[in-house]
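K.L.:
Residue numbers (my numbering), protein chains in the order written: chain L, 1 to 267; chain G, 1 to 448.
1. Can you list, in chain order, the stretches of the alpha helix (DSSP H) that have 4 or more residues and sit fully within the region 228-260 of chain G?
2. Where does residue 249/L land, buried or exposed, given buried means 16+ other C-beta within 10 angstroms?
3. Is residue 351/G near residue 228/G, with beta carbons less than 8 Å apart?
4. Quick one: which chain G residues come within Cβ less than 8 Å of residue 160/L?
5. At a CB-CB cut-off below 7 Å, which residues of chain G make contact with residue 156/L?
6. Check for me: the beta strand (DSSP E) holding residue 96/G runs from which residue to which?
7. For residue 45/G, which residues in the same chain have their Cβ closer than 8 Å to its Cβ, ignoring the five residues on either side in sequence?
8. At a CB-CB cut-off below 7 Å, which residues of chain L make contact with residue 304/G?
9. When burial is assigned at 16 or more other CB atoms within 10 Å of the CB, is residue 85/L buried or exposed?
10. Considering only the alpha carbon of each residue, which of 175/G, 299/G, 253/G and 353/G lies closest to residue 101/L?
11. Could you name the residues of chain G that residue 329/L contacts, counting a contact when the two beta carbons are closer than 9 Å?
12. Is the Cβ of residue 201/G closer than 8 Å to any Cβ of chain L?
13. Report the option in 241/L, 49/L and 110/L whose CA atom is closest to the CA atom of residue 143/L.
14. Does the beta carbon of residue 5/L sit closer than 8 Å to a beta carbon anywhere in chain G?
15. For residue 37/L, which beta-bridge partners are listed by DSSP?
16. For residue 11/L, which of helix, strand or coil comes out of DSSP?
17. So the alpha helix (DSSP H) residue 355/G belongs to, where does it begin and stop?
18. Using the rule of at least 16 other Cβ atoms within 10 Å of the residue's Cβ for burial, across every protein chain shown, is residue 354/G buried or exposed?
19. Give every residue of the same chain whose Cβ lies closer than 6 Å to the Cβ of residue 447/G, excluding the five residues on either side of it in the sequence, and list them in chain order.
20. Could you say if the region 167-187 of chain G and the region 305-325 of chain G meet the contact criterion of at least three C-beta pairs nearer than 8 Å?
21. Rounding to the nearest angstrom, what Cα-Cα distance links residue 174/L and residue 385/G in this structure?
22. Just to make sure I have the definition right: I need the residues of chain L whose C-beta is within less than 9 Å of the C-beta of residue 213/G. Which are they?
23. Against chain L, with Cβ distances strictly below 8 Å, would residue 285/G count as a contact?
24. For the beta strand (DSSP E) containing residue 24/L, name the first residue and the last one.
25. In chain order, what residues of the same chain have a beta carbon less than 6 Å from the beta carbon of residue 35/L, not counting five sequence neighbours either side?
26. For residue 380/G and residue 420/G, I'd like the C-alpha separation in whole angstroms.
27. Taking just the CA atoms, how far does residue 367/G sit from residue 427/G?
28. Ordered along the chain, which non-local residues of its own chain (more than five positions away) have a Cβ less than 6 Å from that of residue 253/G?
29. Could you give the DSSP three-state label for residue 325/G: helix, strand or coil?
30. Pick from 425/G, 424/G and 326/G: whose alpha carbon is nearest that of residue 141/G?
31. Quick one: Cα of residue 112/G to Cα of residue 39/G, how far?
32. Below 8 Å on the Cβ atoms is my contact criterion, and I expect residue 365/G with residue 418/G to pass it. Report the Cβ-Cβ distance as a whole number of Å.
33. Any beta carbon of chain G sitting closer than 8 Å to that of residue 128/L?
34. Quick test of your reading: residue 87/L and residue 197/L, contact by CB under 8 Å. State the CB separation rounded to the nearest angstrom.
35. For residue 70/L, decide whether its Cβ has a neighbour in chain G, counting only Cβ atoms nearer than 8 Å.
36. Three-state secondary structure (DSSP) at residue 263/L?
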């Protein structure tokens with residue numbers, strides 16, 4: 001394997017009782033790329049994400065995250081928060097913001113260092129605590145500027161429009177200073193102009209913030225415009241891998257996915 | 001007037017039903033040695049004064065009240081928009097005033113001064129005693145549980161356990177339990193404050209690490225079990241804890257540092273100041289925590305644990321911290337109680353205590369430190385007053401009937417408490433929009 005691998009998923013099988021959610025799935029993500037995973041509903045895309053982020057524990061196979069700052073991390077068996085701290089961040093299919101907090105607070109929580117205890121620091125408010133607060137404020141502000149939500153800093157998150165929520169989720173994920181960000185259907189439920197904004201934003205995430213992007217998406221236009229390589233899942237198995245052009249021409253993919261539901265995906 | 005419209009008649013029916021329930025609740029009690037129907041029968045047929053005009057049966061009085069309530073609610077329904085618009089500027093005044101920093105400090109200063117002079121204002125020793133034992137200690141308990149339930153969103157039904165640990169630790173270390181004090185060397189009661197607080201925190205951690213992996217309802221059941229175990233343990237292990245008899249008399253708090261010699265005696269006033277000091281300390285500490293990164297992590301977990309984990313927050317760690325921090329003030333409440341009343345016994349730490357504290361937190365406003373403190377003062381004061389004066393034919397046994405009714409009314413009209421935490425209020429509002437209001441999930445912090 002080449003040395004610029006960032007996430008290496010090797011023959012992962014994930015079962016829930018008798019139901020096989022992922023069967024012998026392999027995926028190799030390089031540092032600095034925008035990679036998409038597509039597939040019909042129920043193909044196991046989100047299961048794959050959950051396996052990479054430690055929400056699910058696959059029974060077989062291995063997942064390795066090769067951080068540039070630390071020794072490679074074997075993901076399976078690790079807790080979600082450990083994997084997040086190591087540099088794998090994510091967003092969710094149905095946005096999961098802290099809806100009672102303001103936009104700014106949402107991102108600030110992401111920027112904060114959650115290691116250590118923090119109670120003593122909170123009570124004494126020494127210089128270290130104050131410096132920490134200052135840093136996370138700065139990070140939060142810059143992330144909000146990055147996604148264009150700085151002017152909404154004091155808005156309560158639940159009052160944002162759908163597209164803005166998606167951007168806020170990306171800002172929160174970026175605030176954790178990740179090396180890779182996993183986007184689970186970022187464009188779901190957004191209107192065409194918001195989709196366009198998101199496409200630009202996701203590309204900027206990679207280009208300007210130097211964060212690799214792993215993407216699940218139903219919207220083929222967005223995937224084709226963004227992804228440099230695409231993996232295709234169907235019924236829990238990886239059926240194809242390649243550039244957008246290759247995928248578009250792949251008969252198995254057309255059969256499993258594009259052919260049968262063109263209307264739905266282009267909608 | 002469309003008093004005869006369908007919705008209006010529906011309201012009339014509701015008002016009459018409610019009047020019927022209130023008649024029953026406030027009526028004469030049944031009891032042993034009287035016919036079984038006395039309570040029911042008496043509630044409706046007992047003769048009372050009808051607004052001082054003539055004497056009639058109770059049902060007639062309450063029927064009138066029900067109809068008045070119906071008329072008032074119909075009037076309000078018709079003019080609610082106007083009424084609200086007129087009231088809005090008036091209701092907004094407190095918020096506007098409080099927005100100014102100086103005003104906030106003025107109010108806090110005023111509260112502090114009044115609190116300091118309360119022993120001068122209350123002349124009855126009996127009431128001073130109640131203020132410490134029934135109000136002061138319960139503020140401490142409520143503040144502690146508020147960290148667990150309000151901040152971290154963990155439904156803890158066994159908070160009395162930490163209270164018991166604080167009290168029994170005091171009794172143990174001062175050597176008034178049947179089992180000898182550690183190292184056979186009883187220590188002064190004042191030294192038990194750090195020990196009681198520390199032990200309660202340790203127990204919070206010990207209980208928390210295995211159980212806080214559970215969510216929502218399961219956690220509530222486990223904490224309930226823990227409280228029952230502690231209750232049972234202190235009640236039955238006569239050789240260790242004195243069983244039902246409890247401890248001998250815990251020595252009074254005393255300070256002997258250099259030239260300073262002071263002993264907290266029989267008068268409740270010095271305990272009042274000790275309690276006040278610690279309430280202030282916990283108020284400041286918990287407020288600082290709420291607005292620190294720890295407090296924000298708690299909110300994150302409460303709102304969405306999965307999302308919190310995805311940004312690197314270890315939910316278990318922060319939940320255990322909430323348990324330990326909350327246990328601290330519960331433990332101190334125990335130490336103070338032991339020093340104040342001397343003999344501690346299992347009846348002080350029954351399951352009821354946990355529920356009572358939870359009621360204070362819900363009433364005051366989960367997650368709102370000031371709300372919880374004020375809620376504790378109101379509920380505990382009213383309860384103590386009712387217990388000791390029994391006005392308007394109030395029956396001791398009826399207390400929880402009224403508290404239950406109060407909670408139902410609160411949940412309908414002010415679910416976030418009397419002085420809601422702003423974040424909690426937003427949570428409930430956004431939740432109601434999403435889910436047409438299932439408050440249990442807001443309470444337990446479960447994911448929808």
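Glycine included, each C-beta is placed from N, C-alpha and C at the ideal position.
P.N.:
Inspection of the coordinates gives the following:
1. 238-241
2. Translated into positions along the first chain, residue 249/L becomes position 249. That one is exposed.
3. What you label residue 351/G is simply residue 351 of the second chain in a count that begins at 1. What you label residue 228/G is simply residue 228 of the second chain in a count that begins at 1. Cβ distance < 8 Å, so residue 351/G and residue 228/G count as in contact.
4. In the first chain, counting from the first residue as 1, residue 160/L sits at position 160. Correct list: empty, because the minimum Cβ distance to chain G is about 11 Å.
5. If you number the first chain from 1, residue 156/L lands on position 156. By Cβ distance, chain G contributes 426.
6. Residue 96/G sits at position 96 when you count from the first residue of the second chain. That residue, residue 96/G, is in no beta strand (DSSP E); its alpha helix (DSSP H) goes 58-99.
7. Counted from its first residue, the second chain places residue 45/G at position 45. The residues are 57, 58 and 59.
8. Here residue 304/G refers to the residue found at position 304 of the second chain. The answer, in chain order, is 96 and 98.
9. Numbered from its first residue, the first chain carries residue 85/L at position 85. By the 10 Å Cβ count, residue 85/L comes out buried.
10. Within the first chain, residue 101/L is the residue found at index 101, counting from 1. Nearest option by C-alpha distance: 299/G.
11. No answer is possible for residue 329/L: the residues shown for chain L start at 1 and end at 267.
12. Translated into the one-based positions of the second chain, residue 201/G becomes position 201. With 8 Å as the cut-off, residue 201/G does not count as an interface residue toward chain L.
13. As a first step, residue 143/L is located in the first chain; it is residue number 143 there, counting from the start. Checking every option, the nearest Cα to that of residue 143/L belongs to 110/L.
14. Taking the first chain and counting its residues from 1, the one referred to as residue 5/L is at position 5. No, its Cβ sits nowhere closer than 8 Å to a Cβ of chain G.
15. Numbered from 1 along the first chain, position 37 holds the residue referred to as residue 37/L. Per DSSP, 216/L and 231/L.
16. Here residue 11/L refers to the residue found at position 11 when the first chain is read from its first residue. Note: residue 11/L maps to strand in three-state DSSP.
17. Counting from 1 along the second chain, the entry for residue 355/G is found at position 355. Segment 351-364, the alpha helix (DSSP H) holding residue 355/G.
18. Mapped onto the second chain, residue 354/G falls at position 354. Residue 354/G should be labelled buried.
19. Within the second chain, residue 447/G is the residue found at index 447, counting from 1. Only weak support is given to the placement of residue 447/G: the predicted model assigns it a pLDDT of 40, under 50, and the question is left unresolved by the model.
20. no
21. By one-based count along the first chain, residue 174/L stands at place 174. By one-based count along the second chain, residue 385/G stands at place 385. Roughly 56 Å between the two C-alpha positions.
22. Here residue 213/G corresponds to residue number 213 of the second chain, with the count starting at 1. Chain L residues near residue 213/G: none, gap ~11 Å exceeds 9 Å.
23. What you label residue 285/G is simply residue 285 of the second chain in a count that begins at 1. Chain L, which has a Cβ nearer than 8 Å to the Cβ of residue 285/G, makes this yes.
24. Within the first chain, residue 24/L is the residue found at index 24, counting from 1. Element bounds for residue 24/L: 19-30.
25. Position 35 of the first chain, counted from the start, is the residue given in the question as residue 35/L. 29, 214 and 229.
26. As a working note, residue 380/G is residue 380 in the second chain. As a working note, residue 420/G is residue 420 in the second chain. Distance between the alpha carbons of residue 380/G and residue 420/G is about 19 Å.
27. For the purposes of this step, residue 427/G is taken as residue 427 along the second chain, with counting starting at 1. For the purposes of this step, residue 367/G is taken as residue 367 along the second chain, with counting starting at 1. About 11 Å.
28. The residue given as residue 253/G occupies position 253 in the second chain. Result list for residue 253/G: 189, 190, 264 and 339, in chain order.
29. Taking the second chain and counting its residues from 1, the one referred to as residue 325/G is at position 325. Helix.
30. In the second chain, the residue the question calls residue 141/G occupies position 141. Of the candidates 425/G, 424/G and 326/G, the one whose C-alpha sits nearest the C-alpha of residue 141/G is 326/G.
31. On the second chain, residue 112/G is found 112 positions in, with the first residue counted as 1. On the second chain, residue 39/G is found 39 positions in, with the first residue counted as 1. Using only the alpha carbons, I get a separation of about 46 Å.
32. The residue labelled residue 365/G in the question sits at position 365 within the second chain. The residue labelled residue 418/G in the question sits at position 418 within the second chain. The Cβ separation is near 6 Å, so the contact holds.
33. Residue mapping note: residue 128/L aligns to position 128 of the first chain, counting from 1. Not closer than 8 Å to any Cβ of chain G, the Cβ of residue 128/L fails to qualify, so no.
34. Counted from its first residue, the first chain places residue 87/L at position 87. Counted from its first residue, the first chain places residue 197/L at position 197. Not a contact, Cβ separation roughly 26 Å.
35. Position 70 of the first chain, counting from 1, holds the residue named residue 70/L. No, its Cβ sits nowhere closer than 8 Å to a Cβ of chain G.
36. The count along the first chain starts at 1 and reaches residue 263/L at position 263. Annotation note: pLDDT 45 at residue 263/L (below 50); position unreliable, no value reported.
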